[in-house]
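Have a look at the structure below, then the notes.
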Amino acid sequence: MSKEFFEQVDVLTEAGQLRRLSGAFARFIASVGAASPQLMAACVLLSELEGRGHSCLLLSELNADPAALMGWSGDEWNDLRASVGNWPETVADWRALLAAATQVWPVGAADVNQPLVLDGDRLYLRRYWQDETHVAGAVRSRALGGVLAADADAETAEIRRWLDILFPHAARGGGTDWQKVACAVAMRGKLGIITGGPGTGKTYTVARLLALLFATAGPRQAGLRVALAAPTGKAAARLKQSIDIALDELAEKVGSALPLRELAARMGAARTLHSLLGARPDTRAFQHHAGNQLDVDVLIVDEASMIHLEMMSALLAALPPQATLILLGDKDQLASVEAGAVLGDLCHNAEAGEYLPETLSYVHASTGQEIPESFAGHGGPIAQQTVMLRESRRFGGPIGALALAVNAGDTAKAVEVLRSGQDGKVVWTDLAQSSDLLQLALSGYRPYLQLVKNLPENADDIVRLAILKSFESFRILCAVREGEWGVSGLNDAIEQRLQSAGLLKRTGEWYVGRPVMVTRNDYASGVFNGDIGLTLPDPARPGALRVYFSEGETLRSVLATRLRNVETAFAMTVHKSQGSEFLHTAMVLPKDGGGMLARELIYTGITRARDYFTLLTPNGQVLLDAIGQRTQRASGLRHLLDA
Ligand SMILES: Nc1ncnc2c1ncn2[C@@H]1O[C@H](COP(=O)(O)OP(=O)(O)OP(=O)(O)O)[C@@H](O)[C@H]1O
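The sequence shown begins at 618 in our numbering and counts up one residue at a time.
Next up, the structure:
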């Protein structure tokens, strides 16, 4: 039977419906114990789902609609299922079958380091089960730990005194000032989660929270060690820049009561999570871990939606228990490329609040704010430490309205905004042809390419930085990688169009003006997955090219020939655009979404646009289908958090 099953697996693999790894994984499991075709089928699906970002296989999916889950045709699924023979009929049957396999550890039974773990109705690769249980345990104890205790009244009064200084004005519209609430809540435990859409003031709030932490640190004030981090270099640089500006403004306001400028100056640069944890070449292990923890009192991490399960687990292990962790991010954005949807899981109550009476009374005492009754509830410890900011300050207008409609799954409203074409801020070209896209690329990229053309030989870094900024003002984002409307096809077509317009001279792989994205961390050159740079002449070596990367207001460069893992970046995926924002963002959907595009992707694409958003769809139905679909990532984290 297994032979027949693996033949079907090979057919699906050849058809591009399965990763090679998934079949290989099932064969490995078969090599270390008795292998029923049912167990093999569960292994193939589990491994395949892991590649698509799920951290486990929900047994209920095995009897729901596996073909839809995997994006296979009915025939493909039926052939695979027929090769398995008897298909267990219920979740209980599956549980019994899996629990009996020697390769599976049913949690609670004897653990002999089996490669698979069965936890309730969820089947895991052991590594993901370990990460999930670790993350759940660590965030729960952080949320519970360090709650104001002995001197609670005096501390609460001090927090309130400072919050009134830091937030001197009542919230707009007279409602709850969620920003103030977020600061107070974060002061209560060793974990604070602040979520909200673009421009809702996450950074504004965290700058005030930092001031509050300094102000209430007592004798430890001057020695408070604060670290700033984000998943990408660009997001880290943005965080640092925004916090510096906000603290500088605040310093003006608080005057001599708090030496904010000096304290801020001692904070140091923001770093990528990889660099903070001390990533090393050729190993997944970090320099900082449970046995060698980070030397910090407060860690602020931005763009937390991009943090995958394994990274979150590593981060929590490396963070001393007495340190405060503040996570900032937009829970509605696409989850990480790798497995897990950690921020989404942590924030699953954020919309509703679910605050306990203790939280409501603490918030009232520490901020003077009333949280409306509708946000009261019975959430777990994480919900008590989470605040969602609900009002966007810079994201009104049609782009904001479109983002809201998409996020709510309101297709009719989204189409209405797209069709209204208000002020040219939102433009939708349905039934788009490639010529429309190439025309847009030409006008969007012309300004920076003109600057490149006119770059004087003796140009300094200020001029180069201006070119990079010009390039950053426009970007084409794709929903998919392959095909005519995917990243690779479009990059080729755009290069050719820009070449025929005389804007660039493509002499080989490398040419002046080529934008590139790094696709793998390269420790030797100091560039990381997702970094975007521009190729310009090397001022020191005639004929040679360097790739320039900007980090805020500073430039870094690497000899082009030293960069091996890069791809052209006129068009990039929405996934890779997370943490970036462009004055004008153009998003392109494919002709056929294959049922795999969902609302989080569309929302993330739209929210990358600061002032102008253009959407090109060769087939508008793909957009409508995507808005109607949510990404569901199987994970046990919510369950573990609420347990
Ligand atoms: N309470 C407030 N009063 C005045 N201005 C505010 C307030 N909250 C936020 N802002 C301003 O609104 C703008 C957006 O805030 P901020 O950059 O903090 O949002 P964000 O949520 O971090 O956005 P993103 O992460 O999407 O860039 C900033 O100019 C900020 O100074």
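Backbone N, C-alpha and C define an ideal beta-carbon position, used for all residues, glycine too. Quick caveat, the model's predicted, so the values are computed rather than measured.
query: Could you check which residue in P654, Y1165, A769 has the C-alpha nearest to that of A801?; result: A769
query: Please report the straight-line C-alpha distance between V1144 and A854, rounded to a whole angstrom.; result: 14 Å
query: Can you have a look at L1048 and say buried or exposed, based on whether 16 or more other CB atoms are within 10 angstroms of its CB?; result: exposed
query: Is it the case that the CB of D919 approaches a heavy atom of ligand 1 more closely than 8 Å?; result: yes
query: Identify the residues that DSSP records as bridge partners of L808: which are they?; result: L942
query: Between V1183 and G997, what straight-line distance do the alpha-carbon atoms span, to the nearest angstrom?; result: 44 Å
query: Using the beta carbon as the reference atom, which residues fall closer than 6 Å to any heavy atom of ligand 1, ordered along the chain?; result: Q796, G813, P815, G816, T817, G818, K819, T820, Y821, S859, R1010, R1011
query: Just confirm the distance between the C-beta atoms of S672 and A1251, as a whole number of angstroms; I'd bet it's less than 8 Å.; result: 7 Å
query: Note down, in chain order, each residue of its chain lying with its Cβ closer than 8 Å to the Cβ of R878, except the 5 sequence neighbours on either side.; result: L864, D865, A868
query: Please classify P1015: is it buried, with 16 or more other beta-carbons within 10 angstroms of its beta-carbon, or exposed?; result: buried
query: Per DSSP, what kind of secondary structure is F903 in: helix, strand or coil?; result: strand
query: Do I1219 and C1188 have their beta-carbon atoms positioned less than 9 Å apart in this structure?; result: Correcting the residue type first, residue 1188 is Ala in the shown sequence and not Cys. Their beta carbons are not under 9 Å apart, which means A1188 does not touch I1219 by this criterion.
query: Pairs of beta-carbons, one from the stretch 905 to 917 and one from the stretch 928 to 946, closer than 8 Å: are there three or more?; result: yes
query: Return the CA-CA distance between E1099 and A716, expressed in angstroms with no decimal places.; result: 40 Å
query: By Cβ distance, which residues of its chain are closer than 8 Å to R1062, with the 5 residues on each side in sequence left out?; result: The amino acid at residue 1062 is misidentified as Arg; the sequence shows Tyr. So the qualifying residues of the chain are F1088, F1091, I1111, L1115, L1120, F1187.
query: Which same chain residues end up closer than 6 Å to S1174 when comparing Cβ atoms and leaving out the 5 residues on each side of it in sequence?; result: R1163, Y1165
query: Any beta carbon from chain C within less than 9 Å of V871's own beta carbon?; result: Absent from the structure: chain C. Only one protein chain is present.
query: Below 7 Å CB to CB, which residues in the same chain sit around R1247 once its five sequence neighbours on both sides are set aside?; result: A1215, R1216
query: H905 to D1078, Cα distance in whole Å?; result: 35 Å
query: By Cβ distance below 6 Å, which residues in the same chain neighbour V724 in space, the five residues on each side in sequence not counted?; result: D736
query: If I'm right that V1133 touches L1153 with Cβ under 8 Å, what's the distance once you round it to whole angstroms?; result: Rounded, the Cβ-Cβ distance is 12 Å, inconsistent with contact.
query: So R743 is in the alpha helix (DSSP H); what residue range does that whole segment cover?; result: 743 to 761
query: My assumption, with CB atoms under 8 Å, is that T889 sits in contact with A846. Please give the rounded CB distance.; result: 7 Å
query: Tell me where the alpha helix (DSSP H) around A852 begins and ends.; result: 850 to 871
query: Going by alpha carbons, who is nearest to G670 out of F1012, E927, S983, G1026?; result: E927
query: Which whole-angstrom value is the C-beta distance of L963 and R759, which I expect to be below 8 Å?; result: Not a contact, Cβ separation roughly 11 Å.
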